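Visitor: I'd like to ask some things about the structure below.
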Ligand code: COA
Ligand code: AMP
């Protein structure tokens, strides 16, 4: 070890203003900041206050002006439709400027919100950048969410327009989007003036005259629009993420801090050089997609791969290697679950041997903990460093990583390595004191958070303070629990709230319980996350039926499963529920979800001292056996 990492890390904590001020010099500003950092409390501090910039300018136009116009900006690789298309920075600039003109023509201006409900096509990135170009605030809604989730986001963000496509494509089926957009608009008290629809040839949509506009037609008549200066502290986007209740949290991202942190991360965390190809195999609907499919690679002048497919089945478990080899990808980022899927289909890595991977340097995994089995399999087969790194929608970039661009530190199984420069991380006990190394506690970040971290939640400052700032004054509460070892390596072990992680997707069991509780025959319910070999976790429901209900229990469970799919979406992967007579609770009435989870996972558990009636746990064990838990 050269100690280079320690040096950079210490500098970032000792002189954050110097550190981030230097990083910001790499970008273009219409007006420089008054101070790099201003304010002193959780609610009021801001990065680069007084500065004016444009994220789209820095991600697109700047590169064209600097001579990168003919370099591919986006490689759209869609095994699901059989299309591969390259878009240069110059073409991207033309498309984005024109779509910004479409938005302007629809009356959208600085500060207005636009919902993007889109599949993995390049037009999604174009629409995001076009919003940024005119200072509009985009809110991308993941295509796997159902109408109800879309409606919640409509109501909260009150957009002027929705941009959507006629359909998304999943293996073996087409997902028409317009019925969901129409249903969401019916459910939400908020209405929009316009809907722009990208008609895909796989299935076109019927448009509503007066409200809906065909993407291609609108583009053919629109005039290009230039970038407008926005404040560094103005919102670039809102991205909703699961909280503990059915109403998701609208994470706000600013313009200036975001672009500085993301730009810095491309070299230092990911070890990239401008002009190289970077691939995040995620979805633009998630934060990984925002940051590392769209913004960071483009801000840094890399080529980004936008992949519409799955790790397996499109057409086989060799797809990832084909993409890496064909497009000369230097670094890839995906979720461990994708590797578990590949490993399950091709345990010996036979597909891998068919491809030239000589340009590939580093594999990054995040979204959930990389279990040692997956880590070793990836290391043995891919034969590059495999870097687990830890982050959240709230931060928009990693909080802990092995920063290969600074210094490759030794990889330790089960750890995303050390806090990234800018993050001072402490593991605290319930009283807010630091726990000894190796002991579990709440993982917290000393304030202020570095640039890019959320300044607030959309329209919900109090919720922001409650969720992140109040429990441990002076710290940001991540909601994750774990420990730090003697070498400052972090280990992220579980959540401290009701959030579960299904195939790298963050989902709220509270939201699922709200859906279940709406079933007319359900008196009480609980949802927990249980271990799953492929997806990491899966939701499992418990239902207590109303007295006197004599209907077939299997039918009721099927109805609940259907409701979950219709109200939250297929992505929740909710398939199983056990009907029980009662739920185990503490004497104060708190449902013992953790204990139920341990029983379902076949783990040893201690009888909770506060349990109301210990006999209930035998009933739960029997009910779980009835639905196949613990898994053999
Ligand atoms: N639009 C509509 N439906 C979608 C969707 C989308 N964008 N994305 C997923 N779904 C649906 C799927 O079709 C599936 O429906 P089904 O129940 O009818 O089969 C359901 O949601 C669950 O999807 P998924 O989580 O993709 O599971 P899967 O069983 O189809 O595939 C994996 C398993 C491991 C291959 C897949 O989860 C995967 O690729 N994971 C990577 C996760 C990732 O990139 N996470 C981002 C964080 S970095
Ligand atoms: P999201 O906001 O959807 O990115 O989900 C963030 C949450 O996913 C974190 O708070 C963690 O619980 C989990 N997570 C993300 N990356 C990792 C990782 N590398 N190791 C463990 N958990 C992770």
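Numbering (our numbering), first residue to last: 272 to 903.
For each residue, glycine too, the CB sits at the ideal point set by N, CA and C.
Just so we're clear, the structure is a prediction, and the values are computed from it rather than from any experiment.
Do residue 622 and residue 588 have their CB atoms nearer than 8 Å?
Guide: As a first step, residue 622 must be located in the chain shown, where it is residue number 351. As a first step, residue 588 must be located in the chain shown, where it is residue number 317. Cβ distance < 8 Å, so residue 622 and residue 588 count as in contact.
Visitor: If you measure between the beta carbons of residue 667 and residue 524, is that distance less than 8 Å?
Guide: Start at 1 with the first residue of the chain shown, and residue 667 comes out as number 396. Start at 1 with the first residue of the chain shown, and residue 524 comes out as number 253. Yes. Within cutoff.
Visitor: Is any heavy atom in the ligand COA found nearer than 7 Å to the beta carbon of residue 806?
Guide: Taking the chain shown and counting its residues from 1, one reaches residue 806 at position 535. Residue 806 Cβ: within cutoff of the ligand COA.
Visitor: Using 10 angstroms around the beta-carbon of residue 488, count the other beta-carbons present and answer buried if the total reaches 16, otherwise exposed.
Guide: Reading the chain shown from its first residue, position 217 is the one you call residue 488. Flag for residue 488 reads exposed.
Visitor: Could you check the C-alpha separation between residue 694 and residue 878 for me, to the nearest Å?
Guide: Numbered from 1 along the chain shown, position 423 holds the residue referred to as residue 694. Numbered from 1 along the chain shown, position 607 holds the residue referred to as residue 878. Going from the Cα of residue 694 to the Cα of residue 878 covers about 38 Å.
Visitor: With a threshold of 7 Å (Cβ to nearest heavy atom), would residue 464 be considered close to the ligand COA?
Guide: Mapped onto the chain shown, residue 464 falls at position 193. False, no ligand heavy atom lies under 7 Å from that Cβ.
Visitor: I need the straight-line Cα distance from residue 582 to residue 880, nearest angstrom please.
Guide: In the chain shown, the residue the question calls residue 582 occupies position 311. In the chain shown, the residue the question calls residue 880 occupies position 609. So the two alpha carbons sit approximately 45 Å from each other.
Visitor: Do residue 712 and residue 743 count as a contact pair if the criterion is CB distance below 8 Å?
Guide: Reading the chain shown from its first residue, position 472 is the one you call residue 743. Reading the chain shown from its first residue, position 441 is the one you call residue 712. Cβ distance not < 8 Å, so residue 743 and residue 712 don't count as in contact.
Visitor: Mind reading off the beta-carbon distance from residue 633 to residue 602? Whole number of angstroms is fine, and I expect it under 8 Å.
Guide: As a first step, residue 633 is located in the chain shown; it is residue number 362 there, counting from the start. As a first step, residue 602 is located in the chain shown; it is residue number 331 there, counting from the start. That pair is a contact at about 5 Å.
Visitor: In terms of residue numbering, what span does the alpha helix (DSSP H) encompassing residue 410 cover?
Guide: As a first step, residue 410 is located in the chain shown; it is residue number 139 there, counting from the start. Residue 410 -> not in any alpha helix (DSSP H); beta strand (DSSP E) instead, spanning 408 to 411.
Visitor: Is there contact between the stretch 366 to 381 and the stretch 284 to 300, where contact requires at least three CB pairs shorter than 8 Å?
Guide: Flag = no, the stretch 366 to 381 and the stretch 284 to 300 do not touch.
Visitor: Is residue 662 near the ligand COA - that is, is its Cβ less than 7 Å away from at least one heavy atom of it?
Guide: The residue labelled residue 662 in the question sits at position 391 within the chain shown. Not so, every heavy atom of the ligand COA lies at least 7 Å from the Cβ.
Visitor: Quick check on residue 231: does DSSP put it in helix, strand or coil?
Guide: This structure leaves residue 231 out entirely; the chain is present only between 272 and 903.
Visitor: Relative to the ligand COA, is the shortest distance from any of its heavy atoms to the C-beta of residue 447 smaller than 7 Å?
Guide: The residue labelled residue 447 in the question sits at position 176 within the chain shown. Residue 447: no, Cβ never under 7 Å from the ligand COA.
Visitor: Please give me, in chain order, every unbroken run of the alpha helix (DSSP H) with length at least 4 that falls completely inside the stretch 449 to 520.
Guide: Listed in chain order, the complete alpha helix (DSSP H) runs (minimum 4 residues) inside the stretch 449 to 520 are 449 to 458 and 486 to 492.
Visitor: Please classify residue 788: is it buried, with 16 or more other beta-carbons within 10 angstroms of its beta-carbon, or exposed?
Guide: Stepping through the chain shown from its first residue, residue 788 is reached at position 517. Per the 10 Å Cβ criterion, exposed.
Visitor: Taking its Cβ as the centre, do 16 or more other Cβ atoms sit within 10 Å of residue 526, making it buried, or is it exposed?
Guide: Stepping through the chain shown from its first residue, residue 526 is reached at position 255. Looking at its Cβ environment, which holds 16 or more other Cβ atoms inside 10 Å, residue 526 is buried.
Visitor: What are the start and end residues of each continuous alpha helix (DSSP H) run of 4 or more residues lying completely inside the stretch 730 to 785, in chain order?
Guide: Counting whole runs of 4 or more residues, the stretch 730 to 785 contains the alpha helix (DSSP H) stretches 732 to 735.
Visitor: By DSSP, does residue 360 sit in helix, in strand, or in coil?
Guide: Mapped onto the chain shown, residue 360 falls at position 89. In the structure shown, residue 360 sits in a helix (DSSP, three-state: H, G or I).
Visitor: Throw me the rounded Cβ distance for the residue 628 and residue 592 pair, which I believe falls under 8 Å.
Guide: By one-based count along the chain shown, residue 628 stands at place 357. By one-based count along the chain shown, residue 592 stands at place 321. About 7 Å separates the two Cβ atoms, so the contact holds.
Visitor: Could you tell me the distance, in whole angstroms, from the CA atom of residue 561 to the CA atom of residue 389?
Guide: Along the chain shown, one-based indexing puts residue 561 at 290. Along the chain shown, one-based indexing puts residue 389 at 118. In a straight line, the C-alpha of residue 561 is about 13 Å away from that of residue 389.
Visitor: Just list the beta strand (DSSP E) runs in the stretch 537 to 622, keeping only unbroken ones of 3 residues or longer that don't cross its boundaries, in chain order.
Guide: List check, beta strand (DSSP E) in window: 548 to 551, 574 to 578 and 600 to 605.
Visitor: Counting pairs of Cβ atoms below 8 Å between the stretch 358 to 371 and the stretch 336 to 346, do you hit three or more?
Guide: Yes, since at least three Cβ pairs between the stretch 358 to 371 and the stretch 336 to 346 fall closer than 8 Å, the two stretches touch.
Visitor: Is residue 639 a contact residue of the ligand AMP, with contact defined as CB to any heavy atom under 7 Å?
Guide: Here residue 639 corresponds to residue number 368 of the chain shown, with the count starting at 1. Checking the Cβ of residue 639 against the ligand AMP gives yes.
Visitor: Determine the DSSP secondary structure at residue 882, reduced to helix, strand or coil.
Guide: Locating residue 882 in the chain shown gives position 611, where the first residue counts as 1. Strand.
Visitor: Any heavy atom of the ligand AMP inside 7 Å of the beta-carbon of residue 557?
Guide: Along the chain shown, one-based indexing puts residue 557 at 286. Yes, the ligand AMP has a heavy atom inside 7 Å of this Cβ.
Visitor: What separation, rounded to the nearest whole angstrom, lies between the Cα atoms of residue 725 and residue 513?
Guide: Along the chain shown, read from residue 1 onward, the residue named residue 725 stands at position 454. Along the chain shown, read from residue 1 onward, the residue named residue 513 stands at position 242. The alpha-carbon atoms of residue 725 and residue 513 are separated by roughly 15 Å.
Visitor: Considering only C-alpha positions, which residue in the set 436, 327, 692 and 856 is nearest to residue 280?
Guide: Walking along the chain shown from the start, residue 280 turns up at place 9. Checked all of 436, 327, 692 and 856; the closest Cα to residue 280 is 692.
Visitor: Is the closest heavy atom of the ligand COA to the C-beta of residue 775 under 7 Å?
Guide: Within the chain shown, the letter at position 504 stands for residue 775. Flag set: Cβ of residue 775 near the ligand COA.
Visitor: Which parts of the stretch 322 to 410 are runs of the alpha helix (DSSP H), unbroken and 4 residues or longer, counting only runs that do not cross its ends?
Guide: Listed in chain order, they are 360 to 376 and 393 to 405.
Visitor: Do three or more CB pairs link the stretch 852 to 870 to the stretch 821 to 835 at distances below 8 Å?
Guide: No, the stretch 852 to 870 is not in contact with the stretch 821 to 835.
Visitor: Kindly indicate the opening and closing residues of the beta strand (DSSP E) around residue 697.
Guide: The residue labelled residue 697 in the question sits at position 426 within the chain shown. Element bounds for residue 697: 696 to 699.
Visitor: What residue from 425, 482 and 442 has the CA that sits closest to residue 458's CA?
Guide: Along the chain shown, one-based indexing puts residue 458 at 187. Among 425, 482 and 442, the Cα nearest to that of residue 458 is on 425.
Visitor: Let's test the definition: count the other Cβ atoms within 10 Å of the Cβ of residue 689 and tell me whether it reaches 16, buried, or not, exposed.
Guide: Within the chain shown, the letter at position 418 stands for residue 689. Classification for residue 689: buried.
Visitor: Excluding five sequence neighbours on each side, which residues of the same chain lie with their C-beta closer than 6 Å to the C-beta of residue 850?
Guide: On the chain shown, residue 850 is found 579 positions in, with the first residue counted as 1. Contacts found: 814 and 824.
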